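Only one structure is covered here, and it is reproduced in the block below.
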Amino acid sequence: MATINAYQALDASEKEAKKDYIDRHSPFITVANNAKAGEKLPVNVRLGKDYSHPDDADHYIAEIKLFDGETLLASAALMTGVNGGQGAKGQAEVTFFVVPQKKMSLTAVAYCTKHGLWQSDPAVVLVG
Ligand SMILES: [Fe+2]
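Numbering (my numbering), first residue to last: -4 to 123.
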């Protein structure tokens, strides 16, 4: 089983020492805290809060997946070049649209071709 890295799994000293490395690989979810059942809800996932990741042919963000608990809701495949290609850096980003029926606990997982799997903090959406 592949190791899944998580932003929150590192202690404060590790975080400071490796901040750019951790930040640029971590998916961050932006979504409303409250939603209406049956209505389309945008869920944005961006890699990196403050730092950009390389977009080289041998090193890029290749996939972003969105889970509700254990259930895979959506997946986006990205190719090198989406953020400018060789020598460029950027923040891989995708907006999924989901239609909630009940409370969701969303988590995103991203895959870097060199540095493996990275998991976001969960984002809870209350549905009324
Ligand atoms: Fe990487």
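Glycine is no exception: its CB is placed at the ideal position from the N, C-alpha and C atoms.
As the structure is a computational prediction, the values presented were derived from the model and not from experiment.
- Whole-angstrom distance between A(-3) and A32, CA atom to CA atom: Counting only the Cα atoms, A(-3) lies some 35 Å from A32.
- Query: Are the beta-carbon atoms belonging to L67 and A87 less than 7 Å from one another?
  - Reply: no
- Message: Less than 7 Å between the C-beta atoms of G80 and D50, yes or no?
- Response: yes
- Grouping DSSP H, G and I as helix and E and B as strand, with all else coil, what is E11? helix
- Pick helix, strand or coil for H173, following the three-state DSSP scheme. Since the first residue of the chain shown is -4 and the last is 123, residue 173 is not available in this structure.
- Do you know offhand how far P95's Cα is from D63's? Distance between the alpha carbons of P95 and D63: 10 Å.
- Message: With DSSP as the reference, identify every bridge partner of A83, one or two as the case may be.
- Response: Bridge partners of A83: none, in fact.
- Message: Output needed for W113: all residues of its chain with C-beta closer than 6 Å, excluding positions within five of it in sequence on either side, in chain order.
- Response: N0, H20, S21 and A105
- Round the Cβ separation of V122 and A30 to the nearest angstrom and send it over; I've been treating them as touching at under 8 Å. 5 Å
- Task: Kindly indicate which three-state DSSP category Y16 falls into: helix, strand or coil?
- Result: helix
- Item | When E11, A7, Y16 and E9 are compared against H110, the one with the closest alpha-carbon | Y16
- Task: Please state if the CB of D18 and the CB of D45 are separated by a distance shorter than 7 Å.
- Result: Yes. Within cutoff.
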